[in-house]
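Taking it in order: structure first as structure tokens, then the write-up.
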Amino acid sequence: MTSNKTIAGLILYLLVLGIAELSIAYYSPVLGIVIHLILMFFLIYYSSMVENKEKSNFLMALALPSLLRIISTSIPLIVFANTAVIQFFIIYIPLLVAAFLLIRSQNLTKADVGFTTKKFYLQLIIGATGLSFGLIEFFILKEEILPLVTINFAEILIYAVILMIFTGLTEELIFGGIILSRTDVFFGRDKRLYSLIFVSVIFMLLHAGWKSVTDLIFVFFAGVFYGIMFLRTKSIVGISISHGITNIMLFIILPATYSLG
């Protein structure tokens, strides 16, 4: 049974995460990175001190969102301002490595983190929701999204593949396959609603940089949907496809179509 002390600790975690994200978006990216660093190192240290294996695994998983934000915020501040492809590789390759090291250290199987093609046709149906999600989010953020400067089909294809693999597969591996699966074990199946809300709030907070309350609401409910689909199918395939298609629609297809119109 989850104690009041644990609930308070998780609320505090979300508050610190939110403060870091708001600082990056509205005040000082450097301060936000520092807060994320402190939070990440605290979680890693605390997880090593906890004897309960499920709690230790859960705390270690909670360090991943801060790692994602530290890397994604730091790189553009330093260099590569106009080289998006290189940024994606520099941001997501270390994140993938960290995710797989965590999976290995916790002896998680492919099935545990959702690398399964069971109910493949259902996964394709779930993946197709990315078309509508991308459309909705584009009309929320269309004033902030710029069309790609290239009209070269090969370059556009490369961007699409990168978005599918890195923002789709990598982020759903982290949020669904690792964080939600560890949260579900920690809370217990009888409190899955808590797990869904908790992970969806984390996912939502990491989109604060768009500075749109409407988008935060949309992202929260998209996170809940992805979480439900993961818990029902035990697979990240469909939600990864959906997430990837959402971003392809958002950053490639719809901006180009809208600019032509």
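All you need for the numbering used here is the position in the sequence shown, starting with 1, plus 22.
All C-beta atoms, glycine included, are put in the ideal place defined by N, C-alpha and C.
C-alpha distance - Y280 paired with E166, whole-angstrom precision | 13 Å
Let me know the secondary structure DSSP gives H229 once reduced to three states.
-> coil
Nearest-angstrom Cβ-Cβ length linking G54 and T95, presumed shorter than 8 Å | 7 Å
Evaluate I200 with the Cβ neighbour count: other Cβ atoms within 10 Å of its Cβ, from every protein chain shown; 16 or more gives buried, anything less gives exposed.
-> buried
At a cut of 8 Å, does the stretch 231–246 reach the stretch 109–128 through at least three beta carbon pairs?
-> no
Hey, how far is the Cα of A47 from the Cα of S222?
-> 19 Å
With C-beta atoms as the reference, is F273 less than 7 Å away from I261?
-> no
Cα separation between G245 and P169?
-> 26 Å
C-alpha distance - I263 paired with G152, whole-angstrom precision = 7 Å
Helix or strand or just coil, what does DSSP make of G210?
-> coil
How should Y248 be labelled, buried or exposed, when 16 other C-beta atoms within 10 angstroms of its C-beta is the threshold for buried?
-> buried
Just to confirm, are L191 and E43 a CB contact at a threshold of 7 Å?
-> no
Could you give the C-beta distance for F197 and F225, rounded to a whole number, given that I count them as a contact under 8 Å?
-> 6 Å
With S61 and L39 assumed to form a contact (beta carbons below 8 Å), what rounded beta-carbon distance in angstroms separates them?
-> The sequence shown places Leu at residue 61, rather than the Ser named in the question. That pair is a contact at about 7 Å.
Pull up the distance between the alpha-carbon of K233 and that of S45, whole angstroms please.
-> 12 Å
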